[in-house]
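First the structure, in the form of structure tokens, and then the observations on it.
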Amino acid sequence: MRLLGVAVALFGILSGVVGYQSSNPTLELLAAASLVAAYCCERSADVSRFLKIFLALFTVETIVFGLADLSARFGFWPKSLADARLPPTLALTVAMFAIIVFVVSHVPVVRTLTRIADRFFVASDETSAGLGRFRFRTLERTLATGMVVFLVLLNQAQVAITVRLNFFNRDFFNAIQNHNGPEFWRMLLWVFTPWAFIYVGSLVVEYVVSSYLVIRWRRWLTQFYISHWLSRHAHYRMSLTSGPADNPDQRIAEDVARFIDGGGEGGAFGYGVYNYSIMLISTLSSLVSFAILLWSLSANFTFPGTNFAFPGLLFWVALIYAAAGTLVTHLIGRPLVGIMFTRQKVEADFRFSLARLREYSEQVALLNGEKAETISLGAKFSALIANYIDMINQRKKLTAFTGFYGQISPIIPYIFAAPFYFAKKIELGVMTQTAQAFGQVEGALTFFISYYTSLAGFRAVLDRLSSFDAVIEAAQTGQGFDIEFGAPAPALRNASVALPNGALLLKNVDLKLTPGRNLLVTGPSGVGKSTLFRALSGVWPFGSGAVALPESGRMMLIPQKPYLPIGTLREAVIYPAGSGFYDDRDIAAALTDARLPHLADKLDIADIWSQRLSGGEQQRIAIARALLARPDWLLLDEATAALDEETEDAIYRMLAERLPHTTLVSIGHRSTLAAYHVDRARVQTGALALSATH
Ligand SMILES: Nc1ncnc2c1ncn2[C@@H]1O[C@H](COP(=O)(O)OP(=O)(O)OP(=O)(O)O)[C@@H](O)[C@H]1O
Numbered sequence: 001m002r003l004l005g006v007a008v009a010l011f012g013i014l015s016g017v018v019g020y021q022s023s024n025p026t027l028e029l030l031a032a033a034s035l036v037a038a039y040c041c042e043r044s045a046d047v048s049r050f051l052k053i054f055l056a057l058f059t060v061e062t063i064v065f066g067l068a069d070l071s072a073r074f075g076f077w078p079k080s081l082a083d084a085r086l087p088p089t090l091a092l093t094v095a096m097f098a099i100i101v102f103v104v105s106h107v108p109v110v111r112t113l114t115r116i117a118d119r120f121f122v123a124s125d126e127t128s129a130g131l132g133r134f135r136f137r138t139l140e141r142t143l144a145t146g147m148v149v150f151l152v153l154l155n156q157a158q159v160a161i162t163v164r165l166n167f168f169n170r171d172f173f174n175a176i177q178n179h180n181g182p183e184f185w186r187m188l189l190w191v192f193t194p195w196a197f198i199y200v201g202s203l204v205v206e207y208v209v210s211s212y213l214v215i216r217w218r219r220w221l222t223q224f225y226i227s228h229w230l231s232r233h234a235h236y237r238m239s240l241t242s243g244p245a246d247n248p249d250q251r252i253a254e255d256v257a258r259f260i261d262g263g264g265e266g267g268a269f270g271y272g273v274y275n276y277s278i279m280l281i282s283t284l285s286s287l288v289s290f291a292i293l294l295w296s297l298s299a300n301f302t303f304p305g306t307n308f309a310f311p312g313l314l315f316w317v318a319l320i321y322a323a324a325g326t327l328v329t330h331l332i333g334r335p336l337v338g339i340m341f342t343r344q345k346v347e348a349d350f351r352f353s354l355a356r357l358r359e360y361s362e363q364v365a366l367l368n369g370e371k372a373e374t375i376s377l378g379a380k381f382s383a384l385i386a387n388y389i390d391m392i393n394q395r396k397k398l399t400a401f402t403g404f405y406g407q408i409s410p411i412i413p414y415i416f417a418a419p420f421y422f423a424k425k426i427e428l429g430v431m432t433q434t435a436q437a438f439g440q441v442e443g444a445l446t447f448f449i450s451y452y453t454s455l456a457g458f459r460a461v462l463d464r465l466s467s468f469d470a471v472i473e474a475a476q477t478g479q480g481f482d483i484e485f486g487a488p489a490p491a492l493r494n495a496s497v498a499l500p501n502g503a504l505l506l507k508n509v510d511l512k513l514t515p516g517r518n519l520l521v522t523g524p525s526g527v528g529k530s531t532l533f534r535a536l537s538g539v540w541p542f543g544s545g546a547v548a549l550p551e552s553g554r555m556m557l558i559p560q561k562p563y564l565p566i567g568t569l570r571e572a573v574i575y576p577a578g579s580g581f582y583d584d585r586d587i588a589a590a591l592t593d594a595r596l597p598h599l600a601d602k603l604d605i606a607d608i609w610s611q612r613l614s615g616g617e618q619q620r621i622a623i624a625r626a627l628l629a630r631p632d633w634l635l636l637d638e639a640t641a642a643l644d645e646e647t648e649d650a651i652y653r654m655l656a657e658r659l660p661h662t663t664l665v666s667i668g669h670r671s672t673l674a675a676y677h678v679d680r681a682r683v684q685t686g687a688l689a690l691s692a693t694h
């Protein structure tokens, strides 16, 4: 960026010298804008990476278009391309864009936006891409930057075509007015047709490239959020407190997609950061191009009914008209952001309740809970309806205003241009061209009015993703215990274990597990035994003191109700190991040892195993899992409570035999367990007492 800054500064000085010598105000203005752009490049260290792409692109364009204009002034422009000479104000326009990007990058809401967007544009992972048969490997960020640059250039070319077609429009109508048949056909066949084809072609290319950009971006950002949410147990810790990040599943599945492209094909649900950036660029481009045109077309227009000529009258009318409209729209539509935020939440709450009912459908059926479920689902849905009605009320007002505004807009330029037409000062073609230019300028200026509802939705998505970020961050760093990784044995040193609300559950616990000495933890229900295990495993964040953890994978905890992922039985048994990690024979042997021989030949069957297997069978699947993993430390939190005493006894005996190097730490209420543990710990209200049997 520094080099670019120097280049544009040098160009600014050059155009300043030429402008001064030829007393050309456009060049002098260009010189000033180039120097400001150079300053922006120099100070761009804290500009977002995403916006830097635009800043760099516009700065390069300033130099290229500016040098092309200077060379034309000095007579170096090829004669054959005289018709295609660039407008002298083009370089100034793009220099202004560069400055606008720099200023905009410091606006707080844009900073929130680019913090999320930037992640993709700094991604240093390698990726492969292809164009037809040609495939290549590159960095994700290089490809992403390349695609954005290409799309911006394509959009600028489309604006240029629209400007060209605006001139076609003028000549076309003039040909009609002058009854000039040959000119009419020439315009239609040799001007309109080729440009229309090029325009349509560019739309198709744009659609394909932007779709690939969007899906790559979404894939990357979804993976980012999933790994961020899962790392350091953030997903679990977040679930312990009811913080501002409701429904993480919805934020990852939907808000990410909405952030990027509105979440639907072609912005079916609104627009995302990609669409808005491109739309803003093309809006700015048409604003500047048509503003210049409108200014020159209405240069000598007088106020209706007077002889008072006001330079660029229609431009000022468009500006004031759009500013007033934007202000009113914002005042009316402001509450929509909050409503949209709530909408995402209530939709996700409702969907989650349905999914949860599906998971627990057996319990609901056994308890005849259908009526209670209908009432509770109805209540969840009522929240959705209430939110919808809030939205109708707000959008009703907004639609009334924008509809009224949209009706008046096309008339306004005619009111101002008609007197000139009737006085035969301008032709029909010029009048329609003026009206069209006014429409473009006014349309660009009223960007916020046109997209207000969609922007409000986008703002809500932005708020949801940034609060999600903040909560993940807090969950990852908010660990009350000092964790020591890679310790020889799990231990708690001078640890106090608290509840999420800060209430103390256990005080000053000192517990060091000794290899080979199995420990049985007992105590009344609800006293804090499971929470002690959670602290010992390093996942519980509330408390103080030190937790020593052995190397990852050397300790395993089996809860009373083990987690069985949806999929094949093999995947359920070997979880969390990946497929192929264990031999099928070993898996079958582990199932047989865990007293599940009837499942040994069902490894390939996919099912929701947590709903198929009995409670005791699920507990034995977890035992089979432990047999495969062979941890040094196995924590069993009432992990055999669903088994009959005889099976429980057999399982413990088998564990001692098959896993001779594993130390067992069990929570259990049955006296039969005592035989398999040499040490005892009794959890009493607020404390832990240790004892040894010998
Ligand atoms: N996430 C949580 N938020 C609030 N309170 C919690 C949370 N987890 C546990 N508790 C509370 O902490 C206390 C101890 O719970 P814990 O599950 O550790 O008891 P336990 O001794 O294992 O009980 P049981 O023998 O019945 O399984 C209980 O009063 C429980 O309600």
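Following full-length UniProt numbering, the numbering of the sequence shown begins with 1 at its first residue and continues without gaps.
Glycine included, C-beta positions come from ideal geometry on N, C-alpha and C.
Remember, it's a predicted structure, so these values are computed and weren't measured experimentally.
Taking a cut-off of 8 Å on C-beta distances, the segment 185-205 does not touch the segment 107-123, as fewer than three cross pairs fall below it. For residue 522, the CB stays at least 7 Å from every heavy atom of ligand 1. In the DSSP assignment, residue 686 falls outside any beta strand (DSSP E) and carries neither an H nor an E.
Just so you know, the alpha carbons of residue 246 and residue 273 end up roughly 23 Å apart. Contact annotation: residue 573 and residue 625 have beta-carbon atoms nearer than 8 Å.
By the Cβ-count criterion, residue 207 is exposed, with fewer than 16 other Cβ atoms from all chains shown falling within 10 Å of its own Cβ. Three or more beta-carbon pairs separated by less than 8 Å link the segment 507-526 to the segment 477-492, which places the two stretches in contact. The C-alpha of residue 36 lies about 13 Å from the C-alpha of residue 4.
The DSSP-derived three-state label of residue 609 is helix. Exclusion of residue 507 from the 7 Å shell around ligand 1 follows from its C-beta lying no nearer than that to any non-hydrogen atom of the ligand. Within the same chain, 166 and 169 come within 7 Å of residue 436 by CB-CB distance, once the 5 residues on both sides are set aside. Spatial neighbours of residue 635 in its own chain (CB-CB distance under 6 Å, excluding positions within 5 residues in sequence) are listed in chain order as 533, 557 and 665. For residue 155, the uninterrupted alpha helix (DSSP H) run begins and ends at 140-177, by DSSP.
Exposure of residue 227 is indicated by the presence of fewer than 16 other C-beta atoms within 10 angstroms of its C-beta. Contact annotation, residue 483 with residue 549: C-beta distance approximately 6 Å; criterion of less than 8 Å satisfied. If you ignore the 5 residues before and after residue 48, its C-beta comes within less than 6 Å of the C-beta of 105, 114 and 118, all in its own chain and listed in chain order.
Per DSSP, the unbroken alpha helix (DSSP H) holding residue 297 starts and ends at 273-297. Distance between residue 281 and residue 148, taken at the CA atoms: about 12 Å.
Proximity to ligand 1 was defined by a C-beta distance below 5 Å to any of its heavy atoms, and the residues meeting it, in sequence along the chain, are 240, 499, 500, 525, 526, 527, 528, 529, 530 and 531. Pairing residue 434 with residue 298 gives a Cβ-Cβ distance under 8 Å. Uninterrupted alpha helix (DSSP H) stretches at least 4 residues long and entirely within the segment 310-394 occur at 313-333, 336-359 and 361-366, given in chain order. The three-state secondary structure of residue 663, taken from DSSP, is strand.
Assigned with DSSP and collapsed to three states, residue 3 falls in helix. In this structure, the CA atom of residue 210 is about 10 Å from the CA atom of residue 217. Rounded to the nearest angstrom, the gap between the Cα atoms of residue 94 and residue 291 is 14 Å. The shortest CA-to-CA distance from residue 589 to any of 419, 580, 27 and 601 is the one to 601. Counting the other CB atoms within 10 Å of its CB gives residue 6 a total below 16, which places it among the exposed residues. Counting of Cβ neighbours within 10 angstroms places residue 128 among the exposed residues, the total staying below 16.
Pairwise C-beta distances place the segment 330-343 in contact with the segment 453-464, as three or more of them are shorter than 8 Å. Uninterrupted alpha helix (DSSP H) stretches at least 4 residues long and entirely within the segment 402-434 occur at 412-422, given in chain order. An exposed status is given to residue 327, since fewer than 16 other beta-carbon atoms sit within 10 Å of its beta-carbon.
By the Cβ criterion, the segment 495-502 is not in contact with the segment 252-263, since fewer than three pairs of Cβ atoms, one from each stretch, lie closer than 8 Å.
In this structure, the alpha-carbon of residue 68 lies about 20 Å from that of residue 163. In the DSSP assignment, residue 554 falls outside any alpha helix (DSSP H), carrying neither H nor E. Collapsing the DSSP output to three states places residue 396 in a helix.
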